[in-house]
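**Q** Residue numbering for the sequence shown follows the UniProt record's numbering, starting at 1 and increasing by one per position.
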Amino acid sequence: MTDTGRWVALFSGGKDSSWALYRALEEGLDVAHLLTVHPGEESYMYHVPETRLAALAAESIGIDIVEVDPGDLNAADVDDAGAQGDRELEPLEAALTDLRSDIDGGLVGVTAGAVESEFQTSRIQGMCDRLGIDLFAPLWQRDPRELAEAMLGAGFEIRIVQVAARGLDESWLGRRLDADALAELTGLNEAHGVHVLGEGGEFETLVTDGPHMDRPIELAYETVWDGTRGHVRVTDARLGDPE
Numbered sequence: 001m002t003d004t005g006r007w008v009a010l011f012s013g014g015k016d017s018s019w020a021l022y023r024a025l026e027e028g029l030d031v032a033h034l035l036t037v038h039p040g041e042e043s044y045m046y047h048v049p050e051t052r053l054a055a056l057a058a059e060s061i062g063i064d065i066v067e068v069d070p071g072d073l074n075a076a077d078v079d080d081a082g083a084q085g086d087r088e089l090e091p092l093e094a095a096l097t098d099l100r101s102d103i104d105g106g107l108v109g110v111t112a113g114a115v116e117s118e119f120q121t122s123r124i125q126g127m128c129d130r131l132g133i134d135l136f137a138p139l140w141q142r143d144p145r146e147l148a149e150a151m152l153g154a155g156f157e158i159r160i161v162q163v164a165a166r167g168l169d170e171s172w173l174g175r176r177l178d179a180d181a182l183a184e185l186t187g188l189n190e191a192h193g194v195h196v197l198g199e200g201g202e203f204e205t206l207v208t209d210g211p212h213m214d215r216p217i218e219l220a221y222e223t224v225w226d227g228t229r230g231h232v233r234v235t236d237a238r239l240g241d242p243e
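#1: Does the distance from the C-beta atom of Val163 to that of Phe203 stay below 8 Å?
#2: Could I get the ranges of all uninterrupted beta strand (DSSP E) runs contained in the segment 108-172, with 3 residues as the minimum, in chain order?
#3: How long is the line joining the alpha carbons of Ala114 and Leu139, rounded to whole angstroms?
#4: Pull up the distance between the alpha-carbon of Arg238 and that of Thr51, whole angstroms please.
#5: Work out the CA separation of Gly230 and Asp64 for me, nearest whole Å.
#6: Using 8 Å as the threshold, is the C-beta distance between Gly155 and Pro91 below it?
#7: What is the rounded straight-line gap between the Cα of Gly62 and the Cα of Arg215?
#8: Distance, Cα to Cα, Asp104 vs Arg6?
#9: Could you spell out where the alpha helix (DSSP H) holding Gly187 opens and where it closes?
#10: Helix, strand or coil for Arg238, going by three-state DSSP, please let me know.
#11: Are there 16 or more other CB atoms within 10 angstroms of the CB of Ala228, so buried, or fewer, so exposed?
#12: So what's Thr4 in DSSP terms, helix, strand or just coil?
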């Protein structure tokens, strides 16, 4: 991995991309921008719920954010997942191509929060190869429970904002991912195969505070539940006082 140059963090505000960013900063990587893609209602490549809060997280972190609205790229509209994944990657690659000419010191690489998804990681790696940049993916193929414990141990405050898996009912919406929740998720993994980190969309998260953030994100929300899956609808979000 190249030691000089600046980085862009692929960032949704969720736990995995936030952890990749945090680890990059811990490693001394010079992160110039966060880059958020706002997908449609369903996506093969991106974290979907409440990505608009990424800008609030960026303000707390103190790194400029670039937001990309790719238009109509809803994964529910196509039958070929591979083709859709490639299509969804195009606006991200275009944004990075534009950014690289604006970054003082040059763009050396991107950070990504992929854990086990070969579908996503292979496409991001292919994009990096085409652009001639590095990929920093510190979660890749790590033990999910150990990763969750590391996040909690570092002081990450994580809220569950969407669920879509057997065993995860409406009570999980807005719940803090803490040691008790992690123990329950471990049980659900054994009983139903729910991934401990929600890989594959079983649940999605938002990091509301952490050691890389100057101010916590405070939320007001309501829950939307259809009987088998649901999400948090944020009605108000703001940065709280520095701690």
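Backbone N, C-alpha and C define an ideal beta-carbon position, used for all residues, glycine too.
**A** If we stick to the structure as given:
#1: yes
#2: 134-136, 157-163
#3: 6 Å
#4: 14 Å
#5: If you take the alpha carbons of Asp64 and Gly230, they lie about 31 Å apart.
#6: no
#7: So the two alpha carbons sit approximately 10 Å from each other.
#8: Annotation: Asp104 to Arg6 spans about 8 Å, alpha carbon to alpha carbon.
#9: 179-192
#10: strand
#11: In the sequence on display, residue 228 carries Thr and not Ala. Residue environment analysis places Thr228 among the exposed positions, since fewer than 16 neighbouring C-beta atoms fall within 10 angstroms of its C-beta.
#12: Thr4: coil per DSSP, three-state reduction.
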